[in-house]
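Chemist: Protein chains in written order, with the working numbering: chain D, 71 to 508; chain H, 169 to 286.
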């Protein structure tokens, strides 16, 4: 943030401290007084955004609990930054930190992946053969990107011959930028789209489409550039009012839209992509393609019976109550983040809103009472429409818009202030969430 | 935003600047404010000459603040999309102007002293 904003921030912070120090002390004191004594063994599966944040919250809230977090990944990825990296606005390092740096001291981190989970015997076995018995389990594994489902595609293609895949990680997002940079230097046909499965951040494929159009315009190659967005069904976004707004903007910007086109395979040699459509397979030649693969629960979760039997077949999202995030058949299991089988909310913003709900119900259980917090389906997407502008879209299970700043920041307007939030405020807020402070 | 409390805001600011830098900035802001109060009390009046120069420096602070924010956020003036954007931009300019003016006034008072010359 700018020097002046810093001054503003410090002044506000200073005045706030001066004026509200009593309130602050009172809040801090309350948090201390509420620590709950327990000897429960709590396992957290996954040390991404959801797992790390709840580990910090529980470590603050509980005394005497044995908290174990299981995740073999050494790097922590700030995933909301991937779009910025893929548009050349940040480098890969922007999204990379170390998993261990975010975890509290009172929590044991087992740096291995889970190989097996048995919800009946309440035991996790890690890939290193270590057994972890738990009384309560929080599933925060995130999801798996099924790259193999796109025939002819492999991650080593990313960055060459117009292939981009920024969902794959920070380094791949940077390689994806190289492909986009070259494409927008010369123009050609650019293909974008999303998978037919549930996915994390359903706005991201739209953002990279808007950004590609904007970058081509800035470079003066827009006239030679054809941009085609392939929607998996009849809508560009799951929330109808947002779909119509994006449809309108795509129309204004000359971005072509094809509905019910799901990427099936690519032929990197011929530069041809094949889409499954209701009328049969359709081949389209490309100069640039952004690949977003089908997404599913990790194998270790799909191997259990935690998933829904009758919803999202083959995807394995766990059967939690959509308001309490507690498992329907195993009441000692909760879900946080992408793994939850709920209609909305595979975003970091939803992870943030999952936190107080799971904390409340778990702590209430330990105290022998009922939790009261409810998750409304809140999902937020700062939908970037060009470098410098975004729409701050927030919605719930009912497809209602639920703006955080009603009357001040219009959700369906392309605004600079919404861009500022994405560029400046989002990562600090995310980091504060990881520490259990926001 | 859920639970937007002062505690949350401070946590976010700490992450934004780094804990050390954030609290250093708080201290700097407090020191400049304290120095401003100090020179006012010491001199027992506002020096209109120093205040004039401080006022003249305000546009520099305003433009500098706006230019800095635009530069670090990959934005341009053309990105302003609605009234709230202009209000935000004017707010940044105003804070820049006032902050810089106070700094200029304090700097003059400390360097030149509260002499009767003005």
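Cβ coordinates follow ideal geometry from the N, Cα and C atoms, glycine included.
(1) With a cut-off of 8 Å, does the C-beta of residue 498 of chain D fall near any C-beta of chain H?
(2) Output yes or no for whether 8 Å exceeds the beta carbon distance between residue 124 of chain D and residue 425 of chain D.
(3) If you count every other CB in all the chains shown that lies within 10 Å of the CB of residue 499 of chain D, and 16 or more means buried, which is it?
(4) Express the C-alpha separation of residue 254 of chain H and residue 207 of chain H in angstroms, rounding to a whole number.
(5) Count the other CB atoms within 10 Å of the CB of residue 322 of chain D; is the residue buried (16 or more) or exposed (fewer)?
(6) Please compile the residues from chain D whose C-beta is within a distance smaller than 7 Å of the C-beta of residue 249 of chain H.
(7) List the endpoints of the continuous beta strand (DSSP E) containing residue 241 of chain H.
(8) At a CB-CB cut-off below 8 Å, which residues of chain D make contact with residue 179 of chain H?
(9) Label residue 218 of chain D either buried or exposed according to how many other C-beta atoms from any shown protein chain fall within 10 Å of its C-beta, with 16 as the threshold for buried.
(10) Do residue 218 of chain H and the ligand NAD come close, with the Cβ less than 7 Å from some heavy atom?
(11) According to DSSP, simplified to helix, strand and coil, what is residue 97 of chain D?
(12) Express the C-alpha separation of residue 260 of chain D and residue 250 of chain D in angstroms, rounding to a whole number.
(13) Got a sec: which bits of the segment 430-452 of chain D sit with their beta carbon under 7 Å from any beta carbon on chain H, in order along the chain?
(14) Where do the ends of the alpha helix (DSSP H) carrying residue 321 of chain D lie?
(15) So, helix, strand or coil for residue 81 of chain D, using DSSP?
(16) If you drop the 5 nearest sequence neighbours on each side, which residues of the same chain put their C-beta closer than 6 Å to that of residue 450 of chain D?
(17) Give a yes or no on contact between the segment 477-488 of chain D and the segment 404-417 of chain D, applying the rule of three or more CB pairs nearer than 8 Å.
(18) Pick helix, strand or coil for residue 184 of chain D, following the three-state DSSP scheme.
(19) To which residues does DSSP link residue 203 of chain D through a beta bridge?
(20) Any residues in the segment 270-281 of chain D with a beta carbon nearer than 8 Å to a beta carbon of chain H? Which ones, in chain order?
(21) Measure from the C-beta of residue 490 of chain D to each C-beta in chain H and report whether the shortest distance is under 8 Å.
(22) Counting only beta-carbon separations shorter than 8 Å, does residue 479 of chain D have a partner in chain H?
(23) To which residues does DSSP link residue 264 of chain H through a beta bridge?
(24) Determine whether the Cβ of residue 286 of chain H lies closer than 8 Å to any Cβ atom of chain D.
(25) For residue 120 of chain D versus residue 210 of chain D, is the C-beta distance shorter than 8 Å?
(26) Three-state secondary structure (DSSP) at residue 391 of chain D?
(27) Tell me, which residues are paired with residue 567 of chain D by DSSP?
(28) Please report whether the beta-carbon of residue 244 of chain H lies at a distance below 8 Å from any beta-carbon of chain D.
(29) Residues bridged to residue 295 of chain D by DSSP?
(30) Can you tell me which residues form a DSSP beta bridge with residue 327 of chain D?
(31) State the Cα-Cα distance for the pair residue 178 of chain D and residue 293 of chain D, rounded to the nearest angstrom.
(32) May I ask you to report which of helix, strand or coil DSSP gives residue 126 of chain D?
(33) Let me check one thing: in DSSP terms, what residues is residue 343 of chain D bridge-paired to?
(34) Can you look up residue 243 of chain D in the DSSP assignment and give me helix, strand or coil?
(35) Between the C-alpha atoms of residue 243 of chain D and residue 160 of chain D, what's the straight-line distance to the nearest angstrom?
(36) Would residue 122 of chain D be called buried (16 or more neighbouring beta carbons within 10 Å of its own) or exposed?
Modeler: Inspection of the coordinates gives the following:
(1) Within the first chain, numbered from 1, the residue matching residue 498 of chain D stands at position 428. Chain H contact via Cβ: present.
(2) Residue mapping note: residue 124 of chain D aligns to position 54 of the first chain, counting from 1. Residue mapping note: residue 425 of chain D aligns to position 355 of the first chain, counting from 1. Yes, they are a contact pair.
(3) In the first chain, counting from the first residue as 1, residue 499 of chain D sits at position 429. Result: buried.
(4) Within the second chain, the letter at position 39 stands for residue 207 of chain H. Within the second chain, the letter at position 86 stands for residue 254 of chain H. One C-alpha to the other measures close to 35 Å.
(5) Locating residue 322 of chain D in the first chain gives position 252, where the first residue counts as 1. Exposed, by the Cβ-count rule.
(6) Here residue 249 of chain H corresponds to residue number 81 of the second chain, with the count starting at 1. Per Cβ cutoff of 7 Å: 459, 483, 484, 485 and 486.
(7) As a position in the second chain, residue 241 of chain H is number 73, starting the count at 1. Note, residue 241 of chain H: premise wrong, no beta strand (DSSP E); not H, not E.
(8) Taking the first residue of the second chain as 1, we reach residue 179 of chain H at position 11. The answer, in chain order, is 502, 505, 507 and 508.
(9) In the first chain, residue 218 of chain D corresponds to position 148, counting from 1. So residue 218 of chain D counts as exposed.
(10) Absence of the ligand NAD is noted for the structure shown, with no ligands found whatsoever.
(11) Residue mapping note: residue 97 of chain D aligns to position 27 of the first chain, counting from 1. Any reading at residue 97 of chain D must be qualified, since the residue scores a pLDDT of 38, below 50, and its modelled position is unreliable; the value itself is stated next. DSSP places residue 97 of chain D in helix when its eight states are reduced to three.
(12) In the first chain, residue 250 of chain D corresponds to position 180, counting from 1. In the first chain, residue 260 of chain D corresponds to position 190, counting from 1. The alpha-carbon atoms of residue 250 of chain D and residue 260 of chain D are separated by roughly 9 Å.
(13) none
(14) For this step, residue 321 of chain D is matched to residue 251 along the first chain. Run containing residue 321 of chain D: 310-323, per the alpha helix (DSSP H) assignment.
(15) Counting from one through the first chain, the residue named residue 81 of chain D turns up at place 11. With a pLDDT of only 32 at residue 81 of chain D, under 50, the local geometry of the prediction cannot be trusted, and the value read off the model is given with reservation. In this structure, residue 81 of chain D counts as helix in the three-state DSSP scheme.
(16) Position 380 of the first chain, counting from 1, holds the residue named residue 450 of chain D. If we look at residue 450 of chain D and ignore the five residues flanking it on each side, its Cβ neighbours are 419 and 464.
(17) no
(18) Sequence index remark: in the first chain, residue 184 of chain D carries index 114 (1-based). In the structure shown, residue 184 of chain D sits in a strand (DSSP, three-state: E or B).
(19) For the purposes of this step, residue 203 of chain D is taken as residue 133 along the first chain, with counting starting at 1. Bridge partners of residue 203 of chain D: D:193.
(20) none
(21) Locating residue 490 of chain D in the first chain gives position 420, where the first residue counts as 1. It does: the Cβ of residue 490 of chain D has a partner Cβ on chain H nearer than 8 Å.
(22) Taking the first residue of the first chain as 1, we reach residue 479 of chain D at position 409. Yes, residue 479 of chain D counts as interfacial toward chain H.
(23) Looking up residue 264 of chain H in the second chain gives position 96. The partner list for residue 264 of chain H (beta bridge, DSSP) is empty, contrary to what the question assumes.
(24) Locating residue 286 of chain H in the second chain gives position 118, counting from the first residue. For residue 286 of chain H, the predicted model reports a pLDDT of 46, less than 50, meaning its position is unreliable; a value from the coordinates is still stated below. False, the Cβ-Cβ gap to chain D never drops below 8 Å.
(25) Taking the first residue of the first chain as 1, we reach residue 120 of chain D at position 50. Taking the first residue of the first chain as 1, we reach residue 210 of chain D at position 140. The answer is yes: Cβ separation under 8 Å.
(26) Within the first chain, the letter at position 321 stands for residue 391 of chain D. Residue 391 of chain D: coil per DSSP, three-state reduction.
(27) Residue coverage of chain D in this structure runs from 71 to 508, which leaves residue 567 of chain D outside it and unanswerable.
(28) Position 76 of the second chain, counted from the first residue, corresponds to residue 244 of chain H. Yes, residue 244 of chain H counts as interfacial toward chain D.
(29) Numbered from 1 along the first chain, position 225 holds the residue referred to as residue 295 of chain D. According to DSSP, which records beta bridges pairwise, residue 295 of chain D is partnered with D:258.
(30) To locate residue 327 of chain D, count along the first chain from 1; it is residue 257. Answer by DSSP bridge pairing, in chain order: D:299.
(31) Translated into the one-based positions of the first chain, residue 178 of chain D becomes position 108. Translated into the one-based positions of the first chain, residue 293 of chain D becomes position 223. Near 56 Å, if we compare the C-alpha coordinates of residue 293 of chain D and residue 178 of chain D.
(32) Reading the first chain from its first residue, position 56 is the one you call residue 126 of chain D. Residue 126 of chain D falls in the helix class under three-state DSSP.
(33) Counting from one through the first chain, the residue named residue 343 of chain D turns up at place 273. DSSP output for residue 343 of chain D lists D:336 and D:354 as bridge partner(s).
(34) Counted from its first residue, the first chain places residue 243 of chain D at position 173. Note: residue 243 of chain D maps to helix in three-state DSSP.
(35) For this step, residue 243 of chain D is matched to residue 173 along the first chain. For this step, residue 160 of chain D is matched to residue 90 along the first chain. Using only the alpha carbons, I get a separation of about 10 Å.
(36) Numbered from its first residue, the first chain carries residue 122 of chain D at position 52. That one is buried.
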